[in-house]
Amino acid sequence: MSIKEQVDAALTKETKLAIADRHVQNFTALLESKATHVRVSECEAYLRIWSQAVKDLNEDQELSSEARGELCDAIFSGSYDQFLSAEEADKMAQILGDESDEE
Numbered sequence: 164m165s166i167k168e169q170v171d172a173a174l175t176k177e178t179k180l181a182i183a184d185r186h187v188q189n190f191t192a193l194l195e196s197k198a199t200h201v202r203v204s205e206c207e208a209y210l211r212i213w214s215q216a217v218k219d220l221n222e223d224q225e226l227s228s229e230a231r232g233e234l235c236d237a238i239f240s241g242s243y244d245q246f247l248s249a250e251e252a253d254k255m256a257q258i259l260g261d262e263s264d265e266e
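According to the working numbering, the residues represented by the sequence shown are 164 to 266, in order.
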């Protein structure tokens with residue numbers, strides 16, 4: 164099983180939705196800010212990925228490979244630790260530890 168699949172399987176739907184919702188909020192705010200430093204096309208691409216993830220999760224569909232990759236990036240950045248339960252955090256540490264052992 165790939166790391167993306169392991170992370171996806173280890174997280175609850177609620178956790179994935181919370182992370183996806185936060186990303187949608189962040190990218191929407193960036194686009195609405197019309198700030199000159201914002202890469203509009205990049206924000207739009209990420210907003211599309213995360214918006215589709217929210218839709219898929221709400222419809223009990225599997226996340227796309229692209230969304231699973233973004234979810235992994237979000238989890239392993241450490242910026243979303245507050246969304247993880249203790250059990251999920253332990254699972255992420257184990258997944259990350261297993262990946263480090265393979266290198």
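The beta carbon of each residue, even a glycine, is placed where N, CA and C say it ideally should be.
Q) Between the region 240-259 and the region 167-186, are three or more C-beta pairs nearer than 8 Å? A) yes
Q: Could you name the residues of the same chain whose beta carbon sits closer than 6 Å to that of Lys167, not counting the 5 residues immediately before and after it, in chain order?
A: Arg231, Gly232, Cys235
Q) Since Leu180 contacts Leu210 with CB under 8 Å, what's their CB separation in whole angstroms? A) Between Leu210 and Leu180 the Cβ distance is about 16 Å, and since that is not below 8 Å, they are no contact.
Q. Mind checking whether Ile182 and Phe246 have CB atoms under 9 Å apart?
A. yes
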